[in-house]
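Protein chains: 2
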Amino acid sequence: MNELAGSVAPGTVEEFRERLAAISDGLPKRLRQCADYVAANSDRIAVSTVAELAAGADVPPSALMRFCQILGFSGFSEMQRLFREAYVPGWPDYSTRLTNLKESGAGSPAALLAEFVEAGRLSLEALAKSADEAALDQAVAVLKAADTVHLVGLRRAFPVASYLAYAFEKMDIPAMLHDGVGKLDHRHALRSGDALLAITFSPYSEETLTLAADARARGLPVVAMTDRLTSPLARQASAVLTVPEVDFGAFRSLSATLALAITLAVAVGTARAGG
Amino acid sequence: MNELAGSVAPGTVEEFRERLAAISDGLPKRLRQCADYVAANSDRIAVSTVAELAAGADVPPSALMRFCQILGFSGFSEMQRLFREAYVPGWPDYSTRLTNLKESGAGSPAALLAEFVEAGRLSLEALAKSADEAALDQAVAVLKAADTVHLVGLRRAFPVASYLAYAFEKMDIPAMLHDGVGKLDHRHALRSGDALLAITFSPYSEETLTLAADARARGLPVVAMTDRLTSPLARQASAVLTVPEVDFGAFRSLSATLALAITLAVAVGTARAGG
DNA sequence: ACAATTTTGGAATTTTTATTCTATTACGTC
DNA sequence: GACGTAATAGAATAAAAATTCCAAAATTGT
Chain Z
541 MNELAGSVAP GTVEEFRERL AAISDGLPKR LRQCADYVAA NSDRIAVSTV
591 AELAAGADVP PSALMRFCQI LGFSGFSEMQ RLFREAYVPG WPDYSTRLTN
641 LKESGAGSPA ALLAEFVEAG RLSLEALAKS ADEAALDQAV AVLKAADTVH
691 LVGLRRAFPV ASYLAYAFEK MDIPAMLHDG VGKLDHRHAL RSGDALLAIT
741 FSPYSEETLT LAADARARGL PVVAMTDRLT SPLARQASAV LTVPEVDFGA
791 FRSLSATLAL AITLAVAVGT ARAGG
Chain X
541 MNELAGSVAP GTVEEFRERL AAISDGLPKR LRQCADYVAA NSDRIAVSTV
591 AELAAGADVP PSALMRFCQI LGFSGFSEMQ RLFREAYVPG WPDYSTRLTN
641 LKESGAGSPA ALLAEFVEAG RLSLEALAKS ADEAALDQAV AVLKAADTVH
691 LVGLRRAFPV ASYLAYAFEK MDIPAMLHDG VGKLDHRHAL RSGDALLAIT
741 FSPYSEETLT LAADARARGL PVVAMTDRLT SPLARQASAV LTVPEVDFGA
791 FRSLSATLAL AITLAVAVGT ARAGG
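Residue numbers (the working numbering), protein chains in the order written: chain Z, 541 to 815; chain X, 541 to 815.
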């Protein structure tokens, strides 16, 4: 294979990355694992041993040695030297790095990123604090018992609904995403024995509320993911999950909402598998 | 002298500094040199050998060993471990932890939620630490210049793509979501002057890669959001944004991915409005 | 299905690195 | 200025790490 690739060792981290990208295609399985792991954790090279890195990449140490040689180094030590020399203990802790990003100028992409990361983190923390365990248990119970889980969420909530649809499908749970494509109305698909998982945040989307009301009228249980207990969706629901999400500008980070959504999906999936 | 100082080793870098400051008065000559050098170059500890550090401090290696022991460590290796771990804040096999939790079914929904919140938090922190500002700037520049922004992301990445579509629409940026509904092939919609924002994670979706290759072939710039620099998508791209995200089984928390996505959308939006 | 070639895993080996030990030196005290 | 104590340097040893090598397994092409 790539026996010619490594005539001369990369002299800088940049060169290293280039070569890595250049060769990593035609690499056999184990060496590819090395390439992927090293690319994702290049900051660890300077402070790890062969054995540690190999364990991380889930390959034997000798595979990692071969990998180093294919890249043009005489061995691991030479590769490590490159990274040790370039090593500046970047941004040891998260908060100073955030400050640093913000300082790159108000409105700059980096500063924005810092804001959104912060918003997401706050949302997650708030969720952990405020989560209602009883409501969560009840939601799981309702969805576990359902024949088909109907999912609805539009606009801002659509990513969440579509993610749930993906997750349910992966776990072999019958689910149907009501996405309103082609303005079709799928409400006739709601059958006795099913359940609806509805997601909407202020300003609440009319279609979602309508579908929830419809399900309620037919006697189907409704699980709500929304922003307040006083939301119009909450009235229709047999279980209400509220998500405190920090808005930044007109947008909402969705971090907390998605975390809750995955929890729900996995909990329902294991509950069903176990029953 | 300070023979009692080292009853127990410092557990954090903070503690280390405190103890160093506390004892470094009253130290004999050689040990003083060690203390001074280490204090001034503590960032090198993680990536140096005893011999290198000793040479830097202009003392024999054995002096440095004694110094480590006076600080409370069993030897140099233990001290070094402290610094290596402090700068390598990875998530030690977090995904297997989650997988185990899921498979054992031992976790109550509330416990699951705690895990997913933690995963999201870690992802966001890692994003802040590892974000490539230059790549982000370039991605913004590319999308700012585009007539229409085409979005593609399937399966796990679909929520991200759909959220971007929503955000772009809110900001009056011409955007088109390639969602593959009805197996329609929209590639003819790629026109000169447009740009493609493609999102895919391992295992990479074939359709996304194909569309990216297609765009590339027509000379359109491609911005990639993916998991590794060695991803097949990265090859097609004029800007590559990598997102560190904790996977668990087939799922991915998406917290970091969405934070980056919003950043991109808002940055492009303000850049366009300002131009 | 077979042979040729590549890839792999693990044990054996070598090299490097950390650590201990001890004779010697320096220091402070009386 | 001699004695006792503490500190030091460097050699000796132990431990850990890197690197090589080869037989077995897997792939590839015919």
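In this text, a Cβ means the ideal position worked out from N, Cα and C, and glycines have one as well.
Computed from a predicted model, the values in this text were never measured in an experiment.
In three-state DSSP terms, what is F788 of chain Z?
Locating residue 788 of chain Z in the first sequence gives position 248, counting from the first residue. In this structure, F788 of chain Z counts as strand in the three-state DSSP scheme.
Please check if any C-beta of chain Z sits within less than 8 Å of the C-beta of A799 of chain X.
The count along the second sequence starts at 1 and reaches residue 799 of chain X at position 259. True, the Cβ-Cβ gap to chain Z drops below 8 Å.
When you measure from the CB of A651 of chain X to every non-hydrogen atom of the ligand MG, does any distance come out below 7 Å?
Absence of the ligand MG from the depicted structure is noted, as is the absence of any ligand whatsoever, leaving it without description.
Per the contact definition of three or more C-beta pairs closer than 8 Å, is the segment 572-582 of chain Z in contact with the segment 594-601 of chain Z?
yes
List, in chain order, every chain Z residue whose beta-carbon is nearer than 9 Å to that of D677 of chain X.
Here residue 677 of chain X is taken as the residue at index 137 of the second sequence, counted from 1. Under the 9 Å cutoff, chain Z gives S648, P649 and A650.
Please go through the same chain and pick out, in chain order, the residues whose beta-carbon is closer than 8 Å to the beta-carbon of T748 of chain X, but skip the five residues on each side of it.
Against the second sequence, residue 748 of chain X aligns to sequence position 208. Same-chain partners within the cutoff: V692, G693, L694, A697, A738, I739, T740 and L773.
Chain Z contact for G660 of chain X (CB, 8 Å cutoff)
By one-based count along the second sequence, residue 660 of chain X stands at place 120. So yes, G660 of chain X belongs to the interface.
Check the Cβ-Cβ distances between A579 of chain Z and every residue of chain X, and say whether any is below 8 Å.
Position 39 of the first sequence, counted from the start, is the residue given in the question as residue 579 of chain Z. Yes, its Cβ sits closer than 8 Å to a Cβ of chain X.
What does DSSP give as the partner residues of V692 of chain Z in its beta bridges?
Taking the first residue of the first sequence as 1, we reach residue 692 of chain Z at position 152. V692 of chain Z is bridged to Z:H718 and Z:A738.
Helix or strand or just coil, what does DSSP make of A646 of chain Z?
Translated into positions along the first sequence, residue 646 of chain Z becomes position 106. Residue state, collapsed to three classes: coil.
Report yes if the C-beta distance between S648 of chain X and P784 of chain X is below 8 Å; otherwise report no.
Against the second sequence, residue 648 of chain X aligns to sequence position 108. Against the second sequence, residue 784 of chain X aligns to sequence position 244. No.
What's the call for A561 of chain X, buried or exposed, on a 16-neighbour Cβ count within 10 Å?
The sequence position of residue 561 of chain X within the second sequence is 21, counting from 1. When all chains shown are included, A561 of chain X counts as exposed.
Contact between the segment 796-807 of chain X and the segment 702-712 of chain X: three or more CB pairs below 8 Å?
yes
Run through the DSSP bridge pairs and tell me what L653 of chain Z is partnered with.
Counted from its first residue, the first sequence places residue 653 of chain Z at position 113. None, per the DSSP bridge assignment.
Excluding five sequence neighbours on each side, which residues of the same chain lie with their C-beta closer than 6 Å to the C-beta of A666 of chain Z?
On the first sequence, position 126 is the one that residue 666 of chain Z refers to. Closer than 6 Å at the Cβ level, and outside the excluded window around A666 of chain Z, lie P784.
Please state if the CB of G645 of chain Z and the CB of A654 of chain Z are separated by a distance shorter than 8 Å.
Taking the first residue of the first sequence as 1, we reach residue 654 of chain Z at position 114. Taking the first residue of the first sequence as 1, we reach residue 645 of chain Z at position 105. No.
Same chain only: Cβ atoms within 6 Å of G733 of chain X, ignoring 5 sequence neighbours per side:
Working through the second sequence from its first residue, we reach residue 733 of chain X at position 193. Cβ neighbours of G733 of chain X beyond the five flanking positions: D687.
Chain-order list of residues whose beta-carbon lies under 7 Å from that of L519 of chain Z (same chain, five-residue window excluded)
Missing from the structure shown is residue 519 of chain Z; chain Z here goes from 541 to 815 and no further.
How many whole angstroms separate the CB atoms of L730 of chain X and R756 of chain X, which I take to be in contact at a CB cut-off of 8 Å?
The sequence position of residue 730 of chain X within the second sequence is 190, counting from 1. The sequence position of residue 756 of chain X within the second sequence is 216, counting from 1. No, L730 of chain X and R756 of chain X are not in contact; Cβ-Cβ is about 10 Å, not under 8 Å.
Output yes or no for whether 8 Å exceeds the beta carbon distance between I563 of chain X and M619 of chain X.
The count along the second sequence starts at 1 and reaches residue 563 of chain X at position 23. The count along the second sequence starts at 1 and reaches residue 619 of chain X at position 79. Contact flag unset, no.
Interface positions of the segment 574-608 of chain X facing chain Z (Cβ-Cβ less than 7 Å), listed along the chain:
D583, A586 and V587
Beta-carbon separation of S793 of chain X and I802 of chain Z under 8 Å?
By 1-based counting over the second sequence, the position of residue 793 of chain X is 253. By 1-based counting over the first sequence, the position of residue 802 of chain Z is 262. For S793 of chain X and I802 of chain Z, yes; Cβs fall inside 8 Å.
Let me know the secondary structure DSSP gives V763 of chain X once reduced to three states.
Position 223 of the second sequence, counting from 1, holds the residue named residue 763 of chain X. The answer is strand: DSSP assigns V763 of chain X an E or B state.
For A779 of chain X, the residue or residues it bridges with in DSSP:
For this step, residue 779 of chain X is matched to residue 239 along the second sequence. Paired residue(s): X:V763.
Looking at the secondary structure, which residues open and close the alpha helix (DSSP H) in which V553 of chain Z lies?
Locating residue 553 of chain Z in the first sequence gives position 13, where the first residue counts as 1. Looking at the DSSP string, the run of the alpha helix (DSSP H) that includes V553 of chain Z is V553 to I563.
Quick check on T770 of chain Z: buried or exposed, where buried means 16 or more other Cβ atoms within 10 Å of its Cβ?
Translated into the one-based positions of the first sequence, residue 770 of chain Z becomes position 230. Result: exposed.
Might you give, ordered along the chain, the residues of its own chain that have their beta carbon closer than 8 Å to the beta carbon of A752 of chain X, omitting 5 neighbours on each side?
Translated into positions along the second sequence, residue 752 of chain X becomes position 212. Excluding residues within five positions, the ones whose Cβ falls inside 8 Å are V692, L736, A738, V762, A764, L773, Q776 and A777.
Identify which residue in Z:I610, Z:L593, Z:S582 and Z:A549 has its Cα closest to the Cα of D565 of chain Z.
Counted from its first residue, the first sequence places residue 565 of chain Z at position 25. Comparing Cα positions, the closest option is Z:I610.
Out of curiosity, what's the CA-to-CA distance linking G660 of chain X and R570 of chain X?
Here residue 660 of chain X refers to the residue found at position 120 when the second sequence is read from its first residue. Here residue 570 of chain X refers to the residue found at position 30 when the second sequence is read from its first residue. About 48 Å.
For R758 of chain X, three-class secondary structure by DSSP
As a working note, residue 758 of chain X is residue 218 in the second sequence. Correct three-state label for R758 of chain X: coil.
Taking 8 Å as the threshold (beta carbon to beta carbon), is F656 of chain Z in contact with chain X?
Walking along the first sequence from the start, residue 656 of chain Z turns up at place 116. True, the Cβ-Cβ gap to chain X drops below 8 Å.
Span of the alpha helix (DSSP H), counted from its first residue to its last, around A805 of chain X
The residue labelled residue 805 of chain X in the question sits at position 265 within the second sequence. A805 of chain X -> alpha helix (DSSP H) spans S795 to G814.
Neighbour list for E673 of chain X in chain Z, Cβ cutoff strictly below 8 Å:
Walking along the second sequence from the start, residue 673 of chain X turns up at place 133. Ordered by position in chain Z, the residues that pass the 8 Å Cβ test against E673 of chain X are L641, S644, P649 and A650.
Which class does D633 of chain X belong to by DSSP, given the choice of helix, strand or coil?
As a working mapping, residue 633 of chain X is identified with position 93 in the second sequence. Residue confidence is low: D633 of chain X scores 45 on pLDDT, short of 50, so the model does not pin down where it sits. Its coordinate-derived value is still stated next. Coil, per DSSP.
Exposed or buried, what is P568 of chain X when buried is set at 16 or more other beta-carbons lying within 10 Å of its beta-carbon?
Counting from one through the second sequence, the residue named residue 568 of chain X turns up at place 28. Its Cβ having fewer than 16 others within 10 Å, P568 of chain X is exposed.
Cα-Cα separation between M711 of chain Z and K684 of chain Z, rounded to whole angstroms
Position 171 of the first sequence, counting from 1, holds the residue named residue 711 of chain Z. Position 144 of the first sequence, counting from 1, holds the residue named residue 684 of chain Z. M711 of chain Z and K684 of chain Z: Cα-Cα distance of roughly 12 Å.
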